[in-house]
Each structure stands twice: as C-alpha cells, then as structure tokens.
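Sequential numbering of the sequence shown, starting at 41, is according to this note's numbering. Where a beta carbon is used, it is the ideal one built from N, C-alpha and C, also for glycine.
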Amino acid sequence: MDKTIIVTGTPGVGKTVFARLLAKQTGFRFLNLGELVKKERLYGRFDRPRQSYVIDEQRLRKTLIDFFAAHGEGGLVIETNWVGKFMPKKRGMIAIVVRLDPVILASRLRGRRWPKRKIWENVETELIDLSLYESLKCLGARRVYEIDATRKRPRQLLHEAMRLISASRGWNAVAVDWLQRYDPIELSRKIL
Ligand code: ADP
Ligand code: MG
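Given below as structure tokens:
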C-alpha cells in the first residue's frame, strides 16, 4: 500500500532524527517541509521577533499537490513542525506526533541559541498538545499516532512507531500529560 507518513511535533522533539530513520527503515522518500519552504521560497516575510518565516500556505499546498503527483505511488515520510489545512489529503496518509518532556525540550532549544521568548513559545506549544490537536483536526483520530520520545533512543522510537503503525488502531487517548507534571507558570519563570 502506498503510504504517506507525516512526522510532526514541536521543534526540537527529535523529528528529523526519527523521520530519517523511519524513511530508511521503510524505504520511503524523505521530505522536510521546512526545507522545502526555504528552497522554494514559500514564505511571505521574516518575522523578526520570532526568528522565523511566515509561510504562504496556499503556495505550499499547491507545491505539495504537484510533488505528490510527480512522486506517484511511492511511500513518503514528511517531516513538518505543523499540520494544517494546507496539507493535501492523500489515501494512506497518517501522522505520527512526536512528543517530548517540555523540560528536556527547553534544554535542547537553549542549545540552538534561540531567544528565550521563542523557547518559551515552543515549550508552551508542547505543553498544550498543539501538534497533536492540529493533526487530529486535520486527519481524524484513525490516522493519528502519538509517541513519547522522552529518554528513548532513536532505534527504540522507531520500533515503537513501527509497532503502532502496523497495529493501525489510530489515536485513542493522550500518551502524555505534561500539564499534570508541570505547572506552566513555574516553568515559564524558569525559561523566561
Ligand atoms: P526536530 O527535527 O524535531 O527539530 P531533531 O531531530 O533535529 O529535532 O533533534 C533535536 C536535537 O535532539 C538534536 O540535537 C538531536 O541530535 C537530538 N535528538 C533527537 N532525537 C533524539 C533522541 N531520541 N534522543 C536523544 N537526543 C535526540
Ligand atoms: Mg527537524
């Protein structure tokens, strides 16, 4: 069966490492949406305070439709920080949402030398399960899988994901609950 596996999650959770491994394991082609956006200049302007580009979602959608058509029936692993209406639906399309303990995430993002505010915004995004809810909204629970990457080696994560995909049960309950573990106010004070 042709498959399109979206690997999504907050920046820094380990998508690139995991998605590349997954592509290697499945023999699927790997596509990084952030890189595609840069290469094809699919953005309007640079948002300086956020240190990131504002994406032209309409052009991104069109580019993806063309890419899917040109790519044919082969399998595809798509790494993306976010899933939205821009994503053209495809048969056999699923999303794997990679999750990571927000405190570990914060320390990884500090390593990227990002501004404090940008680190906090992303930690907040992880705390409130935003990627998960975007994916559920876009694809529906039957096409969404969630994996917690906290303290797991990439290989371990790969095995877990392969097991989940082949069981093909979809998403049924939150795998993680960071808000139960962390007080967002306290966390924000530590980060900001
Ligand atoms: P993303 O693509 O989600 O932004 P990356 O894959 O680039 O995340 O990983 C962010 C950082 O975390 C990198 O330095 C990477 O080496 C490290 N990393 C990724 N996956 C793991 C893992 N399973 N365990 C430990 N460190 C990891
Ligand atoms: Mg990445």
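Leaving aside the five residues that flank isoleucine 105 on each side, the residues in its chain whose CB is nearer than 8 Å to its CB run, in chain order, Pro128.
According to the DSSP assignment, glycine 84 belongs to the beta strand (DSSP E) that extends over 83-87.
For serine 208, the secondary structure class from DSSP, reduced to helix, strand or coil, is coil. Under the Cβ criterion (8 Å, minimum of three pairs), the region 132-142 counts as touching the region 171-184.
Residue range 142-151 is occupied by the alpha helix (DSSP H) that includes arginine 150.
Within the chosen limit of 8 Å, the ligand MG reaches the beta carbon of asparagine 72 through at least one heavy atom. Burial check for phenylalanine 86: the Cβ neighbour count within 10 Å stays below 16, so the residue is exposed. For isoleucine 118, the uninterrupted beta strand (DSSP E) run begins and ends at 116-120, by DSSP.
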